[in-house]
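Asks: Before I ask anything, let me first share the structure, which is written out below as structure tokens.
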Amino acid sequence: ELSLRKAIRWKKEKTNRHYLMEMQQSPLAGAFAEATLIFEQAWYGGRQVGESEYRQMEPAFRSLMEKAKG
38 ELSLRKAIRW KKEKTNRHYL MEMQQSPLAG AFAEATLIFE QAWYGGRQVG ESEYRQMEPA
98 FRSLMEKAKG
């Protein structure tokens, strides 16, 4: 979705940090940074996400998706 909206230039070799730098001036930057942090803590940090944590995090992801859709 972000690539389709021209918010990022997707490339297989890019990391989330590359995209964060690329999006610095975008209105999506804050929502993307928040969603990225949550994702990386769970995926790379092995952080378990329970139902209550999911409910706390869900708005960040929804906000990013809504902003990306325009």
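Everything in the sequence shown is counted per the working numbering, starting at 38 for the first residue and increasing by one.
Even glycine gets a Cβ: it sits at the ideal position worked out from N, Cα and C.
#1: Label Lys104 either buried or exposed according to how many other C-beta atoms from any shown protein chain fall within 10 Å of its C-beta, with 16 as the threshold for buried.
#2: Please report the distance separating the alpha-carbon of Arg84 from that of Lys43.
#3: Around the C-beta of Leu41, are 16 or more other C-beta atoms found within 10 angstroms, so that it is buried, or is it exposed?
#4: To the nearest angstrom, report how far apart Glu90 and Ile75 are at their CA atoms.
#5: From this set, Trp47, Tyr56, Leu65, Glu50, which residue's C-alpha is nearest Phe98's C-alpha?
Replies: With the given structure in hand:
#1: By 1-based counting over the sequence shown, the position of residue 104 is 67. Buried, because 16 or more other Cβ atoms sit within 10 Å of the Cβ of Lys104.
#2: In the sequence shown, counting from the first residue as 1, residue 84 sits at position 47. In the sequence shown, counting from the first residue as 1, residue 43 sits at position 6. Roughly 31 Å between the two C-alpha positions.
#3: Looking up residue 41 in the sequence shown gives position 4. Flag for Leu41 reads exposed.
#4: Stepping through the sequence shown from its first residue, residue 90 is reached at position 53. Stepping through the sequence shown from its first residue, residue 75 is reached at position 38. Each residue's Cα considered, the two are about 10 Å apart.
#5: Here residue 98 refers to the residue found at position 61 when the sequence shown is read from its first residue. Ranking Trp47, Tyr56, Leu65, Glu50 by Cα distance to Phe98 puts Leu65 first.
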